[in-house]
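Participant: Chains as they are written, first to last, in the working numbering: chain G, 1 to 270; chain H, 1 to 211; chain D, 1 to 222.
Just so you know, even glycine gets a beta-carbon here, dropped at the ideal spot from N, CA and C.
In this text the structure is predicted, and so the values were computed from the model without any measurement.
(1) Spatial neighbours of residue 107 of chain H within its chain, please: C-beta separation below 6 Å, excluding the five flanking residues on both sides.
(2) Mind checking if residue 173 of chain G is an interface residue toward chain D, Cβ cutoff 9 Å exclusive?
(3) Tell me the rounded alpha-carbon separation between residue 22 of chain D and residue 205 of chain D.
(4) Does the beta-carbon distance from residue 105 of chain G to residue 170 of chain G come in below 9 Å?
(5) Whole angstroms is fine: what's the gap from residue 87 of chain D's alpha carbon to residue 81 of chain D's?
(6) Report the CB separation of residue 183 of chain G from residue 214 of chain G in whole angstroms; it is logged as a contact under 8 Å.
(7) Could you check what DSSP says for residue 126 of chain G in three-state terms: helix, strand or coil?
(8) Please list, in chain order, all residues of the same chain as residue 146 of chain H whose beta carbon is under 7 Å from its beta carbon, the five residues on each side excluded.
(9) Can you give me the Cβ contacts of residue 70 of chain H inside the same chain, cut-off strictly under 7 Å, excluding the 5 residues immediately before and after it?
(10) Quick check on residue 229 of chain D: buried or exposed, where buried means 16 or more other Cβ atoms within 10 Å of its Cβ?
(11) Strictly below 9 Å CB to CB, what residues from chain D border residue 117 of chain G?
(12) If you run the structure through DSSP and keep just helix, strand and coil, what is residue 115 of chain G?
(13) What three-state label does DSSP hand residue 81 of chain G in the structure shown?
(14) Is the shortest distance between the beta-carbon of residue 69 of chain D and the beta-carbons of chain H less than 9 Å?
(15) With residue 35 of chain H as the anchor, note down where its alpha helix (DSSP H) starts and where it stops.
(16) List, in order along the chain, the chain D residues whose C-beta lies closer than 7 Å to that of residue 196 of chain H?
(17) Near residue 28 of chain H, which residues of its chain fall below 6 Å by C-beta distance, leaving aside the five closest residues on each side in sequence?
(18) Can you confirm whether residue 116 of chain D, when its beta carbon is compared against all beta carbons of chain G, has any partner nearer than 9 Å?
(19) For a contact meaning CB atoms closer than 7 Å, what does residue 189 of chain D contact in chain H?
(20) What in chain D is Cβ-close to residue 106 of chain G, meaning under 9 Å?
(21) Is there a Cβ from chain D that is less than 9 Å from the Cβ of residue 13 of chain H?
(22) In terms of residues, what are the limits of the beta strand (DSSP E) holding residue 30 of chain G?
(23) Closer than 7 Å between beta carbons: that is the criterion. Which residues of the region 163–189 of chain G meet it against chain D?
(24) May I ask you to list the residues that DSSP assigns as paired with residue 146 of chain G?
(25) In chain order, what residues of the same chain lie with their CB nearer than 8 Å to the CB of residue 52 of chain H, ignoring the 5 residues before and after it?
(26) Any idea what DSSP makes of residue 179 of chain G, helix, strand or coil?
(27) Buried or exposed for residue 270 of chain G, please, with buried defined as at least 16 other CB atoms from any protein chain shown within 10 angstroms of its CB.
(28) Going along the chain, which residues of the region 156–190 of chain H sit with their C-beta nearer than 9 Å to a C-beta in chain D?
(29) With a threshold of 9 Å between beta-carbons, can residue 62 of chain G be considered close to chain D, or not?
(30) Kindly indicate which three-state DSSP category residue 103 of chain H falls into: helix, strand or coil?
(31) Considering only the alpha carbon of each residue, which of D/124, D/156, D/71 and D/114 lies closest to residue 103 of chain D?
(32) Does the CB of residue 83 of chain H have a neighbour CB from chain D at under 9 Å?
(33) Measuring alpha carbon to alpha carbon, tell me which residue in G/62, G/65 and G/37 is nearest residue 74 of chain G.
(34) Helix, strand or coil: how does DSSP classify residue 162 of chain D here?
(35) What does a CB cutoff of less than 7 Å around residue 76 of chain G pick up in its chain, not counting 5 residues either side in sequence?
(36) Is the distance from the Cβ of residue 189 of chain H to the Cβ of residue 73 of chain D below 9 Å?
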């Protein structure tokens, strides 16, 4: 049984997920997931690998097709035309338009290696938001300055450190002004000394009131930045509660054993 | 149709010449290329330098130019080779350079840890080569080598330009007499294909298996 | 060797012929690789993303061309096809067509390998910023694949440059043809080869060097 702290958001939810199921062959990775995220909320998803947390995130951006249930962003069903009986996958153009509402930041950065930092950001602005080149350039420069990379505007990804690349990755996603920002283990591929600079940027975005869902292994960070922490296990959401409760009481045996693996992480119940 | 069938024995004669030239070139270039390739992989600098120079020189020039050079160029300095021999010499010069490269590459792609491990268990230079390096190199050598046999058969068609009646020239001659061009070219193409395709397929299988 | 009297002066008079031949060779190779790349790219995309029934057809083209001598293909296109159907073209057109078809068969593999080596994550990043599949192809997959394929493309260009010598068989006045022509005019065989061979050598390695420099600037490691 899920002990869900259904902290209904005051406003209508930006993301509403109901009964989401997804299988890879015989392996069902999502077994009916319900999740609501309100405007301005920051939700951290934690859980053992294989628990379905990354798949959940990728479904929201429709990088994975889901088998059953629904995902709505601001009331719009993500991957399929509405109609409960026979679902129909949306066309490529529709999908492209909907995908921008939920921009993803990837574990491996996935910067376009042939484009400079600014061009990485400009591509989506020009080709899917229809901005002019000059506008796109201005927006790219603004965001690169925001993430502390004003000096790297014309640098290629290969000329940047992992931390710098990931900050460009974040800038590329927020510059699209998505309704929700999806962060998929964005510090897992970084050297430990570069993690801080990336998390600092995320923290700032959270403080601005941006809606975010982040999959992370940085427990201390989740505790600090998230409004809610969601613990997934074996394809289900087991706990959905404020960080103080998740990290403090740990009534759930699976959660306790999961957290015990993070050596050195001392939950701060305050 | 009947004329086409009548021409077949003539084409088969040409095909035999093609196969003979290719076989000679392959065997001779293995004899030349394998040892030189080993020297290029393991030898001292003074021995490596001329081999590298030779391989790079030959690979920078078209085969056709090498053929012309041996057949038309060498007689000017009183080296007169009959056309068949000139063709085999020129094609061997070219193929040897490739075999040298393939041999060197096969040895050099073996991780240095293999040699170190062999040294660590006290194998002599000879034993290291015979029991550790050569068997591994052979697996890497085979796929590109078989591919290069295909190239040899294809490249042997250039000997027709020296007047040697291989499959290519016998085709041209038959076409000159019968004026049936397209079907005969296609028959010729199929004959080359029949020899080469199994080799190409073999090369791919070896590659999947070994690499 | 001792009693051979070199006479470069006579040969030198025809040097212009060699230079023109060299230019034509480079042009033939450039035109062929451009068309061959287009063929290779389209067929690679079809075999990756297209209908299943197209794959054996593409494989048949690739296998046929790769297992038949280039010289035979050159004759087939120049003599064979016009003899069977009512179509006229000159030797240069004929040769460029042949070399394009020939290189296309090799470049399908190069392009497919390039496209397959584009990391999935880049395609997802493209989707994530709202690009349609066509835009992802044009702005993400193609530029990345081309850069990955660059080293193979450089090698292909050099080998096509050398293959242009085969055009001399249908009297296209490229470098090898110019070489043979001067030889028959002057009978100074050794001098002609002493002059022409370095032209091939230097050009081959100069092209390779230039393309390697370009690779260092643009190529993306796999």
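Facilitator: By the coordinates alone:
(1) 41 and 137
(2) yes
(3) 14 Å
(4) yes
(5) 8 Å
(6) 4 Å
(7) helix
(8) 199, 202, 203 and 206
(9) 81, 86, 89 and 90
(10) In this structure chain D extends from 1 to 222, so residue 229 of chain D is not present and cannot be described.
(11) Near residue 117 of chain G there are no residues of chain D at all, since even the closest Cβ is about 14 Å away, more than 9 Å.
(12) coil
(13) strand
(14) yes
(15) 2–42
(16) 67
(17) 92
(18) no
(19) 72, 73 and 76
(20) 121, 124, 125 and 128
(21) no
(22) 27–38
(23) 172 and 176
(24) According to DSSP, which records beta bridges pairwise, residue 146 of chain G is partnered with nothing at all.
(25) 40
(26) coil
(27) Below a pLDDT of 50, predicted positions are generally treated as unreliable, and residue 270 of chain G, at 44, falls in that range; the measurement from the model is reported next regardless. It is exposed - the Cβ of residue 270 of chain G has fewer than 16 other Cβ atoms within 10 Å.
(28) 156, 157, 158, 160, 161, 167, 168, 171, 172, 175, 179, 180, 181, 182, 183, 184, 185, 186, 188, 189 and 190
(29) yes
(30) helix
(31) D/156
(32) no
(33) G/37
(34) helix
(35) 98
(36) yes
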